[in-house]
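In our numbering, the protein residues as written are 744 to 973. Contents: one structure, followed by commentary.
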């Protein structure tokens, strides 16, 4: 996988005053980003060993869904890769706090026979996501990877289909490295992609890449590691 240099901070969006169960076992409900789901699951399991009276239920539905649910007061906390906008904060029925919880990295992951370790620079990555570089043996890719036998195969771009903080971070990166991307597509949790197919959540994108020869997309690092994707 190709790592970005900029770390990514994920935060909880916490609303105070929401009701919790008054029974012997307290259930804390949350929803949001898929980015932290692997580590959140582990933390919640470990916490249950320390205090079985508290249980966590976290829905890995994407940052956009987490923000919507915290505003609707259907969960006790939401998780989002990016902060809530001022407009959304103004809609909140109560005080909302942003608490950073996790630092990580987005990476480019791909599916090529033999899983060669490829070098992809910023211009090449932008060209792929703009739909201007469409083949794995494009001269710009071969020039960066001397000695690697790259196939004459179409690059199938995989992106998020849901509202996603991971997408916000990724499109922000593309906007900073490519004036054309910034002008034509821009930065947001959901954009009009110039090319590619969609997957829901980091899990969905990783799954699409893994099952599609020639695919390339962006995921949080742990999803690339778990799926053994370069």
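C-beta: ideal position from N, C-alpha, C; glycine also. This one's a predicted model, so the numbers in the text were calculated from it and none came from an experiment.
N- and C-terminal bounds of the beta strand (DSSP E) containing residue i
{"i": "residue 955", "result": "Unbroken run through residue 955: none, as it is neither H nor E."}
{"i": "residue 852", "result": "849-853"}
{"i": "residue 941", "result": "940-942"}
Among the options, the one whose alpha carbon lies nearest that of residue i
{"i": "residue 942", "options": "784, 850, 902", "result": "902"}
{"i": "residue 980", "options": "921, 785, 783", "result": "The structure shown does not extend to residue 980, since the chain is modelled only from 744 to 973, so the question has no answer here."}
{"i": "residue 768", "options": "794, 789, 782", "result": "794"}
{"i": "residue 841", "options": "825, 933, 781, 848", "result": "825"}
{"i": "residue 932", "options": "940, 947, 919, 914", "result": "914"}
{"i": "residue 859", "options": "964, 969, 950, 957", "result": "957"}
{"i": "residue 835", "options": "821, 885, 815, 850", "result": "815"}
{"i": "residue 797", "options": "803, 771, 818, 811", "result": "771"}
Under the three-state DSSP convention, the category residue i falls into
{"i": "residue 864", "result": "coil"}
{"i": "residue 835", "result": "coil"}
{"i": "residue 765", "result": "Its pLDDT being 46, under 50, residue 765 is placed unreliably by the model, and the measurement read from it follows with that caveat. The answer is coil: DSSP assigns residue 765 none of H, G, I, E or B."}
{"i": "residue 778", "result": "coil"}
{"i": "residue 948", "result": "helix"}
{"i": "residue 876", "result": "coil"}
{"i": "residue 773", "result": "strand"}
{"i": "residue 963", "result": "strand"}
{"i": "residue 869", "result": "helix"}
{"i": "residue 759", "result": "For residue 759, the pLDDT reaches just 44, beneath the cut-off of 50, and the residue's location in the model is therefore unreliable, although a value from the coordinates is still provided. Here residue 759 sits in coil by DSSP."}
{"i": "residue 753", "result": "Residue placement at residue 753 cannot be trusted, given a pLDDT of 46 that sits under 50; what the coordinates show is reported in the next sentence. Strand at residue 753."}
Residue j beta carbon less than 8 Å from that of residue i
{"i": "residue 856", "j": "residue 809", "result": "no"}
{"i": "residue 893", "j": "residue 880", "result": "yes"}
{"i": "residue 854", "j": "residue 938", "result": "no"}
{"i": "residue 813", "j": "residue 782", "result": "no"}
{"i": "residue 944", "j": "residue 806", "result": "no"}
{"i": "residue 959", "j": "residue 848", "result": "no"}
Limits of the unbroken alpha helix (DSSP H) element including residue i
{"i": "residue 886", "result": "882-887"}
Sequence ranges, beta strand (DSSP E) only - wholly within the segment 784-826, length at least 3: Listed in chain order, they are 797-803, 820-823.
Unbroken stretches of the alpha helix (DSSP H), 4 residues or longer, contained in the segment 890-922: For the segment 890-922, whole alpha helix (DSSP H) runs of length 4 or above, ordered along the chain, are 908-920.
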